[in-house]
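Asker:
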Amino acid sequence: MRVVLVCACLVALSFCLNNSWGTLLTNDPPSPRCGHVMGATYTDTTLTEVSVLFVLGGMSSGNEVLASAAYLDMQDGEEQWAALTYPAYAVRAYASAVSVGTGMYLFGGFNSDMEFTDDLYYVELADPANPVWTIIHHGLVWPEARAKASLSLSEDGTQAILLGGETEGGVVLDTWRFNLAQALTSAVLVAPTGSYSDWPCARAGHVAEYVTQADQTYVMLQGGTGSNGRALSDVWQLHLGISPQWEEVTHTIGGSAYPATT
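Shown next, in the form of structure tokens:
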């Protein structure tokens, strides 16, 4: 199982595979920010040896969307931060991202004008000093522009699940499956069975993970902020398959924030 740890303030710490904190000897870590994304590339297919850590975009304390990115080479023995080329058209804050192979997929978020976006990028980081940015062309059916959504990746890296987030019309709960293995990336709306009262409430800023266990695949959803601005603590499973279905695991402390909206 892969565990992704996201820090609101990245300074100079690492969480090692032996479950201990250690200090990285960094020269100049990324500037203070929030709403950024972090990813990693690996030297092997077992995801045990990290090659490069990278940080993209985000927002400053002055609410400026940052046009900066950096990477930390974990293989050269120096562990020094270096600037990562970040094209102006891909500048984002509160985007959704997943690492896959030697790169990362990046969806949506706020652009430098604080507008919601719906584009999907792939950045290849096999050579972090020379990243290759590619916009993913897609079909007509596509998710609404949004920020603060979750994006989780299947174990084989061929599918990603986009869930919820904040749109121009407010927070949502719609769920989309990206088929990344196709030449023309497609997005399919996942339509759970049951009524809104059987679903979690719409939310943004939550976390989710694509899980494969035995013969079942599902997305685990936790927390976030509901349409009333209240922080949530509930946990849900979205069972994938022919008839997707939500299952509540634990309630939000103090009661749930219903009704749900798509």
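Take the sequence shown: its letters are residues -22 to -1, 1 to 240, numbered as in mature numbering (1 follows the signal peptide of the UniProt record, and there is no 0). Cβ coordinates follow ideal geometry from the N, Cα and C atoms, glycine included.
#1: Select from G135, S130, G183 and Q223 the residue whose C-alpha is nearest the C-alpha of Y174.
#2: Mapping the DSSP letters down to three states, classify Y188 as helix, strand or coil.
#3: If you reduce the DSSP assignment to three classes, tell me which class Y72 lands in.
#4: Would you call the region 173 to 192 and the region 203 to 214 in contact, with 3 or more CB pairs under 8 Å?
#5: What are the boundary residues of the beta strand (DSSP E) that includes Y174?
#6: For D176, count the other beta carbons within 10 Å of its own beta carbon; 16 or more makes it buried, fewer makes it exposed. Which is it?
#7: Quick one: grab the DSSP three-state call for A66.
#8: Excluding the 5 residues preceding and the 5 following L98 in the sequence, name in chain order all residues of the same chain whose CB lies nearer than 6 Å to its CB.
#9: Please report the residue range of the beta strand (DSSP E) in which E225 lies.
#10: Go through its chain and collect everything with a Cβ distance to residue 241's Cβ below 6 Å, but skip five positions before and after it.
#11: Within its chain, find whatever has a CB closer than 7 Å to the CB of T230; leave out the 5 residues flanking it on each side and keep chain order.
#12: List the residues that DSSP assigns as beta-bridge partners of T203.
#13: Do the region 188 to 196 and the region 155 to 169 make contact, defined as three or more Cβ pairs closer than 8 Å?
#14: Can you give me the C-alpha to C-alpha distance between P8 and F32, rounded to a whole angstrom?
#15: Hey, quick one: how far does the beta strand (DSSP E) through residue 313 stretch, first residue to last?
#16: In angstroms with no decimal places, state the Cα-to-Cα distance between G35 and R70.
#17: With a 10 Å radius around its C-beta and 16 neighbouring C-beta atoms as the bar for buried, classify Y72 as buried or exposed.
#18: Can you grab the Cα-Cα spacing for the pair L167 / L129, in whole Å?
#19: Within 10 angstroms of the Cβ of G117, are there 16 or more other Cβ atoms? Answer buried if so, exposed if not.
#20: Assuming S46 and P10 form a contact by the criterion Cβ under 8 Å, report the distance between their Cβ atoms to the nearest whole angstrom.
#21: Which class does D96 belong to by DSSP, given the choice of helix, strand or coil?
Answerer: On the basis of the coordinates in this document:
#1: For Y174, the closest of G135, S130, G183 and Q223 by C-alpha to C-alpha distance is Q223.
#2: Here Y188 sits in strand by DSSP.
#3: Of the three classes helix, strand and coil, the one that applies to Y72 here is coil, per DSSP.
#4: Yes, the region 173 to 192 touches the region 203 to 214.
#5: Annotation: Y174 is outside any beta strand (DSSP E) and is labelled neither H nor E by DSSP.
#6: Within 10 angstroms of the beta-carbon of D176 lie fewer than 16 other beta-carbons, which makes it exposed.
#7: Three-state DSSP puts A66 in a helix.
#8: F85 and I114.
#9: Note, E225: beta strand (DSSP E), Q223 to T228.
#10: This structure does not reach residue 241, given that the chain is present from -22 up to 240, and the question cannot be answered.
#11: Excluding positions up to five away in sequence, the list reads L210, S211 and D212.
#12: As DSSP reads the structure, T203 sits in a beta bridge with A182 and A209.
#13: By the C-beta criterion, the region 188 to 196 is judged not to be in contact with the region 155 to 169, since fewer than 3 inter-stretch pairs fall below 8 Å.
#14: Distance between the alpha carbons of P8 and F32: 10 Å.
#15: Since the first residue of the chain shown is -22 and the last is 240, residue 313 is not available in this structure.
#16: Spanning the alpha carbons of G35 and R70 requires a straight line of approximately 5 Å.
#17: Counting Cβ neighbours within 10 Å, Y72 comes out buried, since at least 16 surround it.
#18: Taking the straight line from one Cα to the other gives about 14 Å.
#19: So G117 ends up on the exposed side.
#20: Taking a contact as a CB-CB distance under 8 Å, the pair S46 and P10 does not count as one, their CB atoms being some 11 Å apart.
#21: Residue state, collapsed to three classes: strand.
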